[in-house]
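Q: Position 20 (the sequence shown) corresponds to 22 in the numbering used here; numbering is contiguous. We put the CB at the ideal spot given by N, CA and C, even for glycine.
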Amino acid sequence: MQKKNLENIILVVLVVLLLLQQIIYTISDFNIFDKLSKFIVIKGRYIEFVLIIVITILGLIIRNKNKNMNVRDKCEFPLPILENKIPINSNVKMNFKVTPFKKVVYWTISPLENIAEKESINQINKYNNAGVVKADEAGNVNIWFRNPELSEMGEIDPNNLFLYIRVEEDVGILGPVTKIAYKAS
Numbered sequence: 003m004q005k006k007n008l009e010n011i012i013l014v015v016l017v018v019l020l021l022l023q024q025i026i027y028t029i030s031d032f033n034i035f036d037k038l039s040k041f042i043v044i045k046g047r048y049i050e051f052v053l054i055i056v057i058t059i060l061g062l063i064i065r066n067k068n069k070n071m072n073v074r075d076k077c078e079f080p081l082p083i084l085e086n087k088i089p090i091n092s093n094v095k096m097n098f099k100v101t102p103f104k105k106v107v108y109w110t111i112s113p114l115e116n117i118a119e120k121e122s123i124n125q126i127n128k129y130n131n132a133g134v135v136k137a138d139e140a141g142n143v144n145i146w147f148r149n150p151e152l153s154e155m156g157e158i159d160p161n162n163l164f165l166y167i168r169v170e171e172d173v174g175i176l177g178p179v180t181k182i183a184y185k186a187s
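1) Anyone know if the C-beta pair for Ile-83 and Leu-163 falls short of 8 Å?
2) What are the residues that DSSP puts in a beta bridge with Asp-172?
3) On a CA-only basis, which of Lys-181, Glu-171, Tyr-184 and Ala-183 is nearest Phe-79? Give me that one, please.
4) Under 6 Å Cβ to Cβ from Phe-98, same chain only, skipping five residues before and after it: list those, please.
5) Under DSSP, the beta strand (DSSP E) around Val-107 begins and ends at which residues?
6) Quick check on the DSSP output: the beta strand (DSSP E) that includes Asn-131 runs from which residue to which?
7) Using a 10 Å radius around the Cβ and a threshold of 16 neighbouring Cβ atoms, would you call Ala-137 buried or exposed?
8) Tell me the residue span of the beta strand (DSSP E) that contains Asn-86.
9) What's the gap between the Cα of Cys-77 and the Cα of Phe-147?
10) Determine the DSSP secondary structure at Val-143, reduced to helix, strand or coil.
11) How many angstroms separate the CA atom of Ile-63 from the CA atom of Leu-20?
12) To the nearest angstrom, report how far apart Glu-85 and Val-135 are at their CA atoms.
13) Where DSSP assigns a beta bridge to Ile-1, which residues make up the other side?
14) Quick one: what's got a C-beta closer than 8 Å to Tyr-108's C-beta in the same chain, skipping five residues either side?
15) By how many angstroms is the C-alpha of Ile-29 removed from the C-alpha of Asp-75?
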């Protein structure tokens, strides 16, 4: 949380500095960077160049924040309302080790059941192949789901299938999404 607050503070300070600079320059033709660069010299270089580089780097860092789709942050969720659920006709079992007595929410693409081939890519949005399980006292979790048949795959690459899981980290807090590759049989 503190890292996000620091990033937000940096972003606000950058925006305020740039807005203040533009307002002052527009009103009185006063450029803060020009004035500072005449009075402050850092090892023969003007402060203007250093400030512009720092602002550019900070701007790029903030711009690229959370661009990676594989990294999804924690989320709050009322976990007590989730009951254990395993998809009907599950035929694949995966075992994981997590913190004892924590819930695991998982989902993957559904086998295509009477669905047109062009709609197959949207199957994951239906969440028919999702479940919730609770770890035992040793932290073992058995996840069951339906594996799509190769004939049911349509446009989906059978070597590029993923199971997505979120593990309960604290009361009402699900951890980040973990993406696990598997192959269709």
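A: In brief:
1) no
2) Ile-175
3) Glu-171
4) Val-143
5) 105 to 110
6) Element bounds for Asn-131: n/a, residue is neither H nor E.
7) buried
8) No beta strand (DSSP E) holds Asn-86; DSSP gives it neither H nor E.
9) 23 Å
10) strand
11) 17 Å
12) 8 Å
13) Given a span of 3 to 187 for the chain in the structure shown, any question on residue 1 remains unanswerable.
14) Ala-132, Gly-133, Val-134, Val-135, Ile-145, Phe-147, Leu-165, Tyr-166, Ile-167 and Arg-168
15) 43 Å
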